[in-house]
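Enquirer:
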Ligand code: NAD
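Numbering (this note's numbering), first residue to last: 37 to 543.
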């Protein structure tokens, strides 16, 4: 790991504020411990309000320059950033895996997602289209333009410590904004590594400081951003609890938000499902990233006619899972992020049992050699009733609740009957069931898949969810519009001033 840290420019103690090539910070130290083996990887000095204000000043200054750079030229810079990420992919992927605890494959996949979003943003930089609209007045023309917003605040969660920032940054940067990123205090070193990679691109192109800034620290540093009227848009990814606080703070000053919050994702397993496809989708969805994806499969709604068969298939599949060091590619399941997460997992199991849940595959914390960090837990399956309170709650751990349904209408009702609305899936080859699930009476989630699990979205689509998931959309499709302001222009190229709606005003 020493070499990885060296390659990414990470020191033992790192200033956590940066406006580009300048790194500074005077706040308290945040130590970053790896959930893989419990060892300290390094420390980051958190940002004080004075540090934050320096970053804000740089971002505001940089905006005056960056908004005048033609969008395709901004895209060219992001193209170069994508190339740098290709170079650093092995090292950055490893750091993501070591600091967050996801498998090396997933760590590398996260960096690949950054590269993909760079490519997407490069193309987008030539496609920030507005509309032309016919005017009701003679010799008039109407059009829409999209302009950059200013300084965009990005707050991210620990579980995607680099990709979620890049979804926001790369798209927003080609739109002409500048940025202040507040990463999770649980994965601060990943943010330093990203900033160092960006800095190389910025230096090679003589870009001003401030196009990408980072500030580090806990929710208090996040609040510098959310309460700042200089920051017109906050894109926040994290728990529903956090989203509610951010929405209130930003809403109180009539700022804009993109909220990407918790999920409680279900798969409906129908009798016509291709069982091989279904089992892969279910098991990967439920135990991948140790259940710490916003799109993790948390509920499995099974048709009663195949319930017993599925139960035994699941028990068998879970017995094959290898839990251990995520840097070892033979393992399927790595650790939870920290002991607090382990306690939340244990409490949820206890609550589920107290509410009448029946354990199918028991959970528990692993001990002994290889599990010294105390963060490795067993993926667990609980037979549940959809009305149990704990089933409606997102526990960020590998707990899968399974339940029965009789009709497709009932299955969809169970699926929708939770406060969250991120991802959902149906396993079926029956087109009537599929269309019902995808139609207006079907899934109420932002993502609805067929014969694919709930996790692992592609960057080309708009990503996000409804209800308590926050309603935001990021990444592909036309998500870029959220990072820009729309301006309607009416141009009179005639010799008179006809008013709209035929109103006369002569003097
Ligand atoms: P968290 O809510 O604890 O923290 C997320 C970020 O918000 C951190 O940077 C934290 O410092 C900051 N924060 C917390 N309170 C804040 C406040 N009052 N003001 C400003 N900033 C504040 O979440 P976490 O434990 O890091 O991540 C797990 C959660 O994130 C899960 O609920 C998961 O579903 C969700 N998530 C959602 C998506 C999505 O796209 N929908 C993606 C990844 C993670």
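Positions of the beta carbon are idealized from the N, C-alpha and C atoms, including for glycine. All of these numbers come straight from a predicted model, not from anything done at the bench.
From the DSSP output, which residues share a beta bridge with residue 416?
Expert: Your numbering for residue 416 matches position 380 in the chain shown. Answer by DSSP bridge pairing, in chain order: 435.
Enquirer: Cβ of residue 254 versus every heavy atom of the ligand NAD: is any distance shorter than 7 Å?
Expert: The count along the chain shown starts at 1 and reaches residue 254 at position 218. Correct: residue 254 has its Cβ closer than 7 Å to the ligand NAD.
Enquirer: Taking 8 Å as the threshold, find out whether the segment 508-523 comes into contact with the segment 534-543 through three or more Cβ pairs.
Expert: No, the segment 508-523 is not in contact with the segment 534-543.
Enquirer: Closest by CA to residue 204, which one among 435, 269 and 403?
Expert: Position 168 of the chain shown, counted from the start, is the residue given in the question as residue 204. Out of 435, 269 and 403, 269 has the C-alpha closest to the C-alpha of residue 204.
Enquirer: Where are the beta strand (DSSP E) runs, 3 residues long or more, that stay fully inside the segment 283-365, in chain order?
Expert: For the segment 283-365, whole beta strand (DSSP E) runs of length 3 or above, ordered along the chain, are 292-296, 301-305 and 333-339.
Enquirer: Would residue 100 and residue 266 qualify as a contact pair, given that the criterion is a beta-carbon distance under 8 Å?
Expert: On the chain shown, residue 100 is found 64 positions in, with the first residue counted as 1. On the chain shown, residue 266 is found 230 positions in, with the first residue counted as 1. The answer is no: Cβ separation not under 8 Å.
Enquirer: Does at least one heavy atom of the ligand NAD sit under 7 Å from the Cβ of residue 501?
Expert: For the purposes of this step, residue 501 is taken as the residue at position 465 of the chain shown. Yes; taking the cut-off as 7 Å, the Cβ of residue 501 has a heavy atom of the ligand NAD nearer than that.
Enquirer: Please go through the same chain and pick out, in chain order, the residues whose beta-carbon is closer than 7 Å to the beta-carbon of residue 323, but skip the five residues on each side of it.
Expert: Counting from 1 along the chain shown, the entry for residue 323 is found at position 287. Excluding sequence neighbours, residue 323 sits near 357, 368, 369, 415 and 434.
Enquirer: Between which two residues does the beta strand (DSSP E) harbouring residue 181 extend?
Expert: Within the chain shown, numbered from 1, the residue matching residue 181 stands at position 145. 176-184 is the extent of the beta strand (DSSP E) around residue 181.
Enquirer: Given this structure, state the Cα-to-Cα distance separating residue 48 from residue 259, to the nearest angstrom.
Expert: In the chain shown, the residue the question calls residue 48 occupies position 12. In the chain shown, the residue the question calls residue 259 occupies position 223. If I take the Cα positions, the gap works out to 27 Å.
Enquirer: Could you check if residue 490 belongs to the surroundings of the ligand NAD, using beta carbon to heavy atom distance under 7 Å?
Expert: Looking up residue 490 in the chain shown gives position 454. Checking every heavy atom of the ligand NAD against the Cβ of residue 490, none is found closer than 7 Å.
Enquirer: For my contact list, residue 397 and residue 417 are in at a C-beta cut-off of 8 Å; report their separation, rounded to the angstrom.
Expert: To locate residue 397, count along the chain shown from 1; it is residue 361. To locate residue 417, count along the chain shown from 1; it is residue 381. About 4 Å; that satisfies the 8 Å criterion.
Enquirer: Going by DSSP, which residues form a beta bridge with residue 189?
Expert: As a position in the chain shown, residue 189 is number 153, starting the count at 1. Looking at the DSSP assignment, residue 189 forms a beta bridge with 216 and 270.
Enquirer: Is it right to say residue 240 is buried, meaning 16 or more other beta carbons lie within 10 angstroms of its own, or is it exposed?
Expert: Along the chain shown, read from residue 1 onward, the residue named residue 240 stands at position 204. Result: exposed.
Enquirer: Run through the DSSP bridge pairs and tell me what residue 78 is partnered with.
Expert: If you number the chain shown from 1, residue 78 lands on position 42. In DSSP, residue 78 forms a bridge with 68.
Enquirer: For residue 516 versus residue 249, is the C-beta distance shorter than 8 Å?
Expert: For this step, residue 516 is matched to residue 480 along the chain shown. For this step, residue 249 is matched to residue 213 along the chain shown. Contact: no.
Enquirer: Could you tell me whether the Cβ atoms of residue 465 and residue 264 are closer together than 8 Å?
Expert: To locate residue 465, count along the chain shown from 1; it is residue 429. To locate residue 264, count along the chain shown from 1; it is residue 228. No, they are not a contact pair.
Enquirer: Please determine whether the Cβ atom of residue 281 lies at a distance below 7 Å from any heavy atom of the ligand NAD.
Expert: For the purposes of this step, residue 281 is taken as the residue at position 245 of the chain shown. Yes, Cβ of residue 281 sits closer than 7 Å to a heavy atom of the ligand NAD.
Enquirer: Check whether the segment 68-75 and the segment 110-127 touch, using three or more Cβ-Cβ pairs below 8 Å as the test.
Expert: Cβ pair count under 8 Å is below three, so no.
Enquirer: Reducing DSSP to helix, strand and coil, say where residue 424 ends up.
Expert: In the chain shown, residue 424 corresponds to position 388, counting from 1. Three-state result, residue 424: coil.
Enquirer: Locate the beta strand (DSSP E) running through residue 520, then write down its first and last residues.
Expert: Locating residue 520 in the chain shown gives position 484, where the first residue counts as 1. Here the beta strand (DSSP E) through residue 520 covers 520-528.
Enquirer: Just the C-alpha distance for residue 54 and residue 381, rounded to the nearest angstrom, thanks.
Expert: In the chain shown, the residue the question calls residue 54 occupies position 18. In the chain shown, the residue the question calls residue 381 occupies position 345. The alpha-carbon atoms of residue 54 and residue 381 are separated by roughly 35 Å.
Enquirer: Going by the CB atoms, is the gap between residue 43 and residue 127 shorter than 8 Å?
Expert: Counting from one through the chain shown, the residue named residue 127 turns up at place 91. Counting from one through the chain shown, the residue named residue 43 turns up at place 7. Yes, Cβ-Cβ distance for residue 127 and residue 43 is below 8 Å.
Enquirer: Assign residue 382 to one of three DSSP states: helix, strand, or coil.
Expert: Position 346 of the chain shown holds residue 382. Note: residue 382 maps to helix in three-state DSSP.
Enquirer: Residue 172: buried (16+ other C-beta within 10 angstroms of its C-beta) or exposed?
Expert: Numbered from its first residue, the chain shown carries residue 172 at position 136. Residue 172 comes out exposed.
Enquirer: Could you tell me which residues DSSP pairs with residue 441 in its beta bridges?
Expert: The residue given as residue 441 occupies position 405 in the chain shown. Paired residue(s): 339.
Enquirer: Any heavy atom of the ligand NAD within a distance shorter than 7 Å of the CB on residue 191?
Expert: Sequence index remark: in the chain shown, residue 191 carries index 155 (1-based). Yes, the ligand NAD has a heavy atom inside 7 Å of this Cβ.
Enquirer: Restricting to runs no shorter than 4 residues, where is the alpha helix (DSSP H) found entirely within the segment 208-264?
Expert: Whole alpha helix (DSSP H) segments, 4+ residues: 224-240 and 255-262.
Enquirer: Do residue 437 and residue 334 have their CB atoms nearer than 8 Å?
Expert: If you number the chain shown from 1, residue 437 lands on position 401. If you number the chain shown from 1, residue 334 lands on position 298. A contact, by the Cβ cut-off of 8 Å.
Enquirer: On a Cα-Cα basis, can you pick out the residue from 290, 336 and 328 that is closest to residue 303?
Expert: As a working note, residue 303 is residue 267 in the chain shown. Of 290, 336 and 328, the residue nearest in Cα terms is 336.
Enquirer: Any idea which residues DSSP pairs residue 96 with across the strands?
Expert: Start at 1 with the first residue of the chain shown, and residue 96 comes out as number 60. For residue 96, which the question treats as bridged, DSSP gives no partner whatsoever.
Enquirer: Using the beta-carbon count (16 or more within 10 Å), is residue 329 buried or exposed?
Expert: Here the question's residue 329 lines up with position 293 in the chain shown. Residue 329 should be labelled buried.
Enquirer: Any idea what DSSP makes of residue 463, helix, strand or coil?
Expert: Taking the chain shown and counting its residues from 1, the one referred to as residue 463 is at position 427. Of the three classes helix, strand and coil, the one that applies to residue 463 here is strand, per DSSP.
Enquirer: DSSP beta-bridge partners for residue 105?
Expert: The residue labelled residue 105 in the question sits at position 69 within the chain shown. According to DSSP, which records beta bridges pairwise, residue 105 is partnered with nothing at all.
Enquirer: Please classify residue 376: is it buried, with 16 or more other beta-carbons within 10 angstroms of its beta-carbon, or exposed?
Expert: The residue you call residue 376 lines up with position 340 of the chain shown. By the 10 Å Cβ count, residue 376 comes out exposed.
Enquirer: Assign residue 224 to buried or exposed, taking buried as 16 or more other Cβ atoms, counted over all protein chains shown, within 10 Å of its Cβ.
Expert: As a first step, residue 224 is located in the chain shown; it is residue number 188 there, counting from the start. Answer is buried; the Cβ neighbour count reaches 16.
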